[in-house]
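Here's the structure, in structure tokens; my notes come after.
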Amino acid sequence: MDLPGLTDLLAAWGEPAYRARQLFGWLHQKNAGDLAEMSDLPKALRRRLAEETDFQPLKLLRRQESAAGDTVKLLLELADGEQIETVLMLYRRKDSRDRATCCVSSQSGCAMGCAFCATGQYRRFRNLTAGEILGQCYWACRAAREKGFAGLSNVVFMGMGEPLYNLNHVAAALAALEHPLGLALSHRRVTVSTCGVVPQIYRLSEWEQPVELAVSLHSADEALRRQLMPGAGRWSLAQLMEACRAYRRRTGRRLTFEYALFKGVNDSPSAAAQLAALLTGEDILVNIIPANPVEGSAFTAPSAKTIENFTAACRRLGIHFQLRESRGQDIDGACGQLRKRNQICGDAFAVDPAFGE
Ligand code: SF4
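In our numbering, the protein residues as written are 1101 to 1457.
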């Protein structure tokens, strides 16, 4: 419920408008986990809210933390029993502001069927509501604060699902995240990722507050990309590039392409040459990410030597890229894996009962 919605609800209960602003702040800025925390709301109002509303749409099922303590993965349950994943990545920096990035899911599975992705195996799924998207951010925000960070600094829609197929709820969630009485996150700190749903890229480019756009490319070879990403393969690379150019023209925002490196699949110097040919004349940064291993999948990361050869070829060919670390390998870092493991292993991981309190 946005602020006008809360204001209407409380007005119908005979409450003044400032109560709605107080409640909005408790929910969206302080991320209260319990009505008892909302100490400046009258008890009678808190009682009524407890009886007639539900402001915790997600239940924490499991939490995994990397050995370094800089990546936290959360498995959350929706009211209908579906499970989703959220990842918090923490970066301490000497020369600039610390960063706490939350990677959220936008759907509880995915129809795009990418061959390397655990989430693509869940065919029974639905779009998440704005409340369920925000619920993930707020669980992550509480975890970041527990670790001494001020809160979330960035939100990326790179978790489970294709966010461009759930744009209305993504937009509503962003409005709350950007609200001055909420986390006041700038839209410049929000990245929406897509596997390349061309018509929706045009829709996204019409947003008044443009966000960063990251496109999962993974191969510049049309046939190979169609094999790797059958859902995205509905559109040709030429159509995808045209949509990306239009996004850049309309929003002025620079795009990034994600290129996960898979051993023996897209990691050769000739694959780098195809990438260079596709990107000639384009102002696009490529994030090269050695693949996160997925249990039971044939897709693995190349050796350090192969990665070095691939990036050396990219450098020679003038590709503007950065080699990104693959976070959380010790905690089922790739999306959809924790949910999969939870269903296979049952009680193998216990949630710290104090977490988030
Ligand atoms: S990689 Fe993304 S788009 Fe592809 S199946 Fe997984 S969640 Fe869906």
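Quick reminder that beta carbons are idealized off the backbone N, C-alpha and C, glycines included. Just so you know, these numbers come straight off a predicted model, no measurement behind them.
Those residues whose C-beta sits under 5 Å from the nearest heavy atom of the ligand SF4 are, from N- to C-terminal order along the chain, C1210, M1212, C1214, C1217, T1219, G1220, E1262 and C1295. V1270 sits close to I1233, with the two beta carbons spaced by under 8 Å.
Residue environment: A1412 is assigned as exposed (fewer than 16 neighbouring CB atoms within 10 Å of its CB, all protein chains considered). Judged by pairs of C-beta atoms under 8 Å, the region 1344–1352 does not touch the region 1317–1329, as fewer than three such pairs exist. Take E1262, set aside five residues on each side of it, and the residues of its chain with a beta-carbon closer than 8 Å to its own are S1206, Q1207, C1210, A1211, M1212, T1294, C1295, V1297 and G1331, in chain order. Excluding residues up to 5 positions away in sequence, K1173 and C1203 lie with their Cβ nearer than 6 Å to the Cβ of V1187 in the same chain. Residue ranges of uninterrupted beta strand (DSSP E) with 3 or more members, entirely inside the region 1269–1331 and ordered along the chain, are 1290–1294 and 1312–1316. Burial state of P1142 is exposed, judged by a 10 Å Cβ sphere holding fewer than 16 other Cβ atoms. It is roughly 18 Å from the alpha-carbon of S1316 to the alpha-carbon of I1407. Looking at the DSSP output, C1202 sits in a beta bridge with L1188 and V1255. For S1253 against R1197, the beta-carbon gap comes to about 7 Å, under 8 Å, which counts as contact.
Looking at the DSSP output, Y1222 sits in no beta bridge, so it has no partner there. By the CB criterion at 8 Å, R1303 and L1267 fall inside the cutoff. Under a 10 Å Cβ-count criterion, A1360 is classified as buried, with 16 or more other Cβ atoms of the shown protein chains found around its own Cβ.
One Cα belongs to L1281, the other to E1185, and the distance between them is close to 26 Å. Within the model, the alpha-carbon separation for D1170 versus Q1339 is close to 38 Å. Going by DSSP, K1405 is part of the alpha helix (DSSP H) stretching over A1404 to R1416. Just so you know, the alpha carbons of T1229 and G1235 end up roughly 10 Å apart.
Nearest neighbour of G1133 by Cα position, chosen from L1158, T1356 and G1381, turns out to be L1158.
Between the alpha carbons of L1149 and W1239 lies a gap of roughly 21 Å. By the 16-neighbour rule on beta-carbons within 10 angstroms, E1115 is buried. In the structure shown, the three-state DSSP call for Q1207 is strand. Take the alpha-carbon of G1231 and the one of L1355: they are about 28 Å apart. Cα atoms of A1200 and A1276: separation of roughly 18 Å, rounded to the nearest angstrom. Residue environment: R1224 is assigned as exposed (fewer than 16 neighbouring CB atoms within 10 Å of its CB, all protein chains considered). Rounded to the nearest whole angstrom, the C-alpha separation of F1124 and L1283 is 11 Å. Linking L1375 to A1314 through their CA atoms gives a straight-line distance of about 16 Å. In this structure, the alpha-carbon of G1259 lies about 17 Å from that of P1390. Following the DSSP letters along the chain, one finds L1161 inside the beta strand (DSSP E) bounded by residues K1159 to E1165. Per DSSP, Q1129 lies in no beta strand (DSSP E) and is assigned neither H nor E.
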